[in-house]
Amino acid sequence: MEAFRQFGSFGWPSRMLMVNQFGINLGFYMLMPYLAGYLAGPLGLAAWAVGLVLGVRNFSQQGMFIIGGTLADRLGYKPLIVAGCLLRTAGFGLLVVAHSLPAVLIASAATGFAGALFNPAVRAYLAADSGPRRVEAFAVFNVFYQAGILAGPLAGLALMLVDFRIAAAVAAAVFAVLTVAQLFALPQHSADPVTEKTAVLDDWRIVVANRSFLWFAAAMIGSYVLSFQVYLALPLHAAALAPQHESLLVAAVFVVSGLVAVGGQLRITRWFAARWGAGRSLMIGMLILAVSFVPLLAVPNSGRFGAAAAVVALLASAALLAVGSAAVFPFEMDTVVSLSGNRLVATHYGFYNTIVGVGILAGNLATGALLQAARDAGADELLWGAMALIGLVAALALHRLERGGHLAPEVAEPTSARR
361 MEAFRQFGSF GWPSRMLMVN QFGINLGFYM LMPYLAGYLA GPLGLAAWAV GLVLGVRNFS
421 QQGMFIIGGT LADRLGYKPL IVAGCLLRTA GFGLLVVAHS LPAVLIASAA TGFAGALFNP
481 AVRAYLAADS GPRRVEAFAV FNVFYQAGIL AGPLAGLALM LVDFRIAAAV AAAVFAVLTV
541 AQLFALPQHS ADPVTEKTAV LDDWRIVVAN RSFLWFAAAM IGSYVLSFQV YLALPLHAAA
601 LAPQHESLLV AAVFVVSGLV AVGGQLRITR WFAARWGAGR SLMIGMLILA VSFVPLLAVP
661 NSGRFGAAAA VVALLASAAL LAVGSAAVFP FEMDTVVSLS GNRLVATHYG FYNTIVGVGI
721 LAGNLATGAL LQAARDAGAD ELLWGAMALI GLVAALALHR LERGGHLAPE VAEPTSARR
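Counting with the working numbering, you get residues 361 to 779 for the letters of the sequence shown.
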């Protein structure tokens, strides 16, 4: 398989990080999709408590990315990766024995903060280790990333047939193995070894003063809001189309999305890279994300052309969303590094993830409200038209940034790396 040939062409640290990311997503997604059902079912928590637990997990990750990125630049990438894997091991392990709301909240916060620790560090380490092959490295990285998302829920479903606590224990074991592997097999790596000591607030001021970076992060919120609909609007739409076969149709959405991402990522990246630079590739990828909702705009429900056509439109949208996300991701990650000037890379990733995380939260609230309003008005196409409009606005913003030279600024030569 081409992905494995490309995988073998990278150095040991990059290969470790790619396999590590597959393990991270395998362990995470074998458990988290089923957490709400476990909390509301066997544990008997009220709906508000389930929402609180999930909200705490999301905030402890999205809200703490800045902390994780800052620590990675100061302490090195490897310690944060190991610490994050270890903390998630503890968090999932606690879910095995947690029976009260306080214990579940602690476990949920631990699993979220773990992601805030290792996510910026992993991306900064991969960017530093792959050097001029950053775009290609992030393309292969995304293959492993998506493969973990594809395999995790399937493994979790099999384990859930036994017991949720078994699934939690296996997920904890996956992260325990990752912790040991990163601790002993991953070399130390830091991108800025010779810089003078500065205060954390000074580092943050450097990032906040980087206007091109902030504008880029704001523009990319649209990408995340649209791609996230595979977890929100598309499953809800599937439930409305086939309430008797909801699980099967939702599974089909994820399988189509995962197979397109895993099978097409490298071809899509190579095709875009051969024709356009990062800026234009980002803009065109965003346009594909906008176009992804056109099938649902044309066939918003089963009443227009029948149930079969509505299902085909749903799966076509999932496939197009996967193509657009695959087109955007490697160039997006590369652009963050370029705009950072190879300085405080993990801190920039931390800020970037926090900005888009806030955008996802606002976008999901708006999407839920608009979905309900569209159904109440009997006009399902309003939601899909709004999604397409978000993509067009974001593509226009990226076009303006690219034409203004804000996506490829002149940067200083990177400092020599320390392992």
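Ideal Cβ placement from N, Cα and C applies to all residues, glycine included.
Excluding the 5 residues flanking residue i on each side, which residues of the same chain have their C-beta closer than 6 Å to its C-beta?
i      : result
Val464 : Val413 and Ala458
Pro373 : Asp489 and Pro547
Ser641 : Phe632 and Phe691
Ala515 : Met390
Gly723 : Val585
Leu609 : Ala598 and Ala602
Phe504 : Met378, Gln381 and Phe382
Please list the terminal residues of the continuous alpha helix (DSSP H) segment that includes residue i.
i      : result
Trp636 : No alpha helix (DSSP H) contains Trp636, which DSSP labels as neither H nor E.
Ala658 : Val654 to Ala658
Tyr584 : Arg571 to Ser587
Pro439 : Tyr437 to Val457
Ser374 : Trp372 to Tyr389
Asn724 : Val705 to Asp736
Tyr591 : Per DSSP, Tyr591 belongs to no alpha helix (DSSP H) and is neither H nor E.
Thr558 : No alpha helix (DSSP H) holds Thr558; DSSP gives it neither H nor E.
Asp740 : No alpha helix (DSSP H) contains Asp740, which DSSP labels as neither H nor E.
Arg664 : Ser662 to Phe665
Gln422 : Ala407 to Gln422
Met520 : Arg494 to Met520
Leu477 : Leu461 to Ser490
Leu538 : Phe524 to Ala545
Ala363 : Glu362 to Gly368
Gly701 : Looking at the DSSP string, Gly701 is not in any alpha helix (DSSP H), and its letter there is neither H nor E.
Ala396 : Leu395 to Ala400
Whose C-beta lies closer than 8 Å to the C-beta of residue i among residues of the same chain, with five residues either side of it excluded?
i      : result
Val613 : Val590, Leu594, Pro595, Ala598, Leu674, Leu675 and Ala678
Asn502 : Ala621, Gln625, Ala686, Phe689 and Pro690
Val615 : Leu510
Ala669 : Val659 and Ser662
Leu386 : Gly508, Ala511, Gly512, Ala515 and Val534
If you count every other CB in all the chains shown that lies within 10 Å of the CB of residue i, and 16 or more means buried, which is it?
i      : result
Gly491 : exposed
Leu758 : buried
Pro603 : exposed
Arg635 : exposed
Ser369 : exposed
Thr629 : buried
Gly684 : buried
Gly411 : exposed
Glu362 : exposed
Thr558 : exposed
Ser617 : buried
Arg417 : buried
Val522 : exposed
Trp408 : exposed
Asp740 : buried
Val500 : buried
Gln506 : buried
Gln732 : exposed
Val568 : exposed
Ala755 : buried
Pro655 : buried
Phe364 : exposed
When you compare the CB of residue i with every CB in chain B, is at least one pair closer than 7 Å?
i      : result
Gln381 : This model lacks chain B altogether, as it is built from one protein chain only.
Whose C-beta lies closer than 7 Å to the C-beta of residue i among residues of the same chain, with five residues either side of it excluded?
i      : result
Thr555 : Confidence at Thr555 is low in this model, with a pLDDT of 49, below 50, so the placement of that residue should be treated as unreliable; the coordinate-derived value is given next. Excluding sequence neighbours, Thr555 sits near nothing in its chain.
Ala545 : Met376
Pro480 : Phe425, Gly428, Gly429, Ala432, Ala706, Tyr709, Gly710 and Asn713
Phe665 : Val659
Ser468 : Val413, Val416 and Arg417
Arg483 : Met693 and Tyr709
Leu657 : Glu741, Trp744, Gly745 and Ala748
Is the beta carbon of residue j closer than 7 Å to that of residue i?
i      : j      : result
Gly717 : Gln422 : yes
Thr707 : Gly429 : yes
Leu519 : Ile526 : yes
Gln542 : Val442 : yes
Gly751 : Leu592 : no
Leu721 : Ala746 : no
Val534 : Gly383 : yes
Leu725 : Ala734 : no
Leu486 : Ala476 : no
Ala532 : Gly639 : no
Ser587 : Leu681 : yes
Ser583 : Met646 : yes
Phe419 : Gly444 : no
Trp575 : Leu704 : no
Val456 : Ala396 : no
Any chance the CB of residue i is under 6 Å from a heavy atom of the ligand HEM?
i      : result
Tyr398 : Ligands in the displayed structure: none, and consequently the ligand HEM is not present.
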